[in-house]
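According to this note's numbering, the sequence shown is numbered sequentially starting from 1081.
Glycine included, each C-beta is placed from N, C-alpha and C at the ideal position.
Below is one structure; the comments refer to it alone.
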Amino acid sequence: MLLEITVDQGFVDQCIEHSKIYNAGQRSQERLIRDIECELYEYYMISNNLWDKHDSWKVDGVSEVYGNVDVKFIDKYYNIAHKKMAYIAWQSTDLDTLIFCEWVERPDRKLEAGDVVKINVVGYLSYMDFLKNLQPSNYNAGYYVNVRKFAKACYEK
């Protein structure tokens, strides 16, 4: 499912606010904000009253269709660094579904109000199906899920 979203100032402001509280690790401020921009799909769903907000960091939104959702942006696969597996485990008590998205079109810079971006919603996996398809990576000390092979199509815009 392809979505075309116009970025608003509220989202830009949210990214800046989140950059003040998220752990940047070794990332520059610009890289951190660009990583936070992956929150655009959940922002879109909540601001258009398609999802409800959730109080926990473990859940990006609450959907009538998918329950408690976490959104992940992927490239070819969904790759999980070894140390990020703890977060996936902590989410087990709160999460029902993972929805996977990918950037189709976006500027090669931080997003600004008025930018029009395209996001492809690749599909979804229940938390349990996600775990069943988790594989150790042969390329790094982490894991991956072949989302394109196992994810089901999303029916909720």
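Residues near residue i by beta carbon distance below 6 Å, same chain, minus five either side
i	result
V1201	M1081, C1181, C1234
I1062	Past the boundaries of the shown model lies residue 1062; the chain is included only from 1081 to 1237, so the question cannot be answered.
A1161	G1222
Y1124	I1085
Unbroken beta strand (DSSP E) run spanning residue i, endpoints
i	result
V1184	1177–1185
I1085	1082–1086
Per DSSP, the bridge partner or partners of residue i
i	result
Y1223	I1160, P1216
L1141	In the sequence as displayed, the identity of residue 1141 is Gly instead of Leu. Per DSSP, V1149.
V1201	C1181
D1132	V1142
K1232	Y1204
Boundaries of the alpha helix (DSSP H) in which residue i is found, first to last residue
i	result
V1090	Before going on, a small fix: residue 1090 reads as Gly here, not Val. Run containing G1090: 1089–1101, per the alpha helix (DSSP H) assignment.
Q1109	1109–1116
I1154	That residue, I1154, is in no alpha helix (DSSP H); it is neither H nor E in DSSP.
S1172	Careful: S1172 lies outside any alpha helix (DSSP H) and carries neither H nor E.
E1122	1120–1127
Residues of its chain near residue i, where Cβ-Cβ distance is below 7 Å and the 5 sequence neighbours each way are ignored
i	result
Y1158	K1152, F1180, Y1224, V1225, V1227
S1136	D1174
K1190	E1110, I1113, R1114
E1084	V1196, K1198
I1168	I1160
Within 9 Å, strictly: CB atoms of residue i and residue j
i	j	result
Y1146	Q1171	no
K1138	G1222	no
D1174	R1186	no
N1218	K1229	no
A1193	D1115	no
D1132	V1142	yes
Close Cβ partners of residue i (< 8 Å) along its chain, the five nearest in sequence each way excluded
i	result
H1098	I1116, E1119
Q1215	Y1223, Y1224, V1225, N1226
R1107	D1115
T1177	S1143, Y1146, G1147, N1148, V1149, D1150, Y1204, L1205, S1206, Y1207
State whether the region 1092–1099 contacts the region 1109–1129, with contact taken as three or more CB pairs (one from each stretch) at a distance under 8 Å.
Judged by Cβ distances under 8 Å, the region 1092–1099 makes contact with the region 1109–1129, as three or more pairs qualify.
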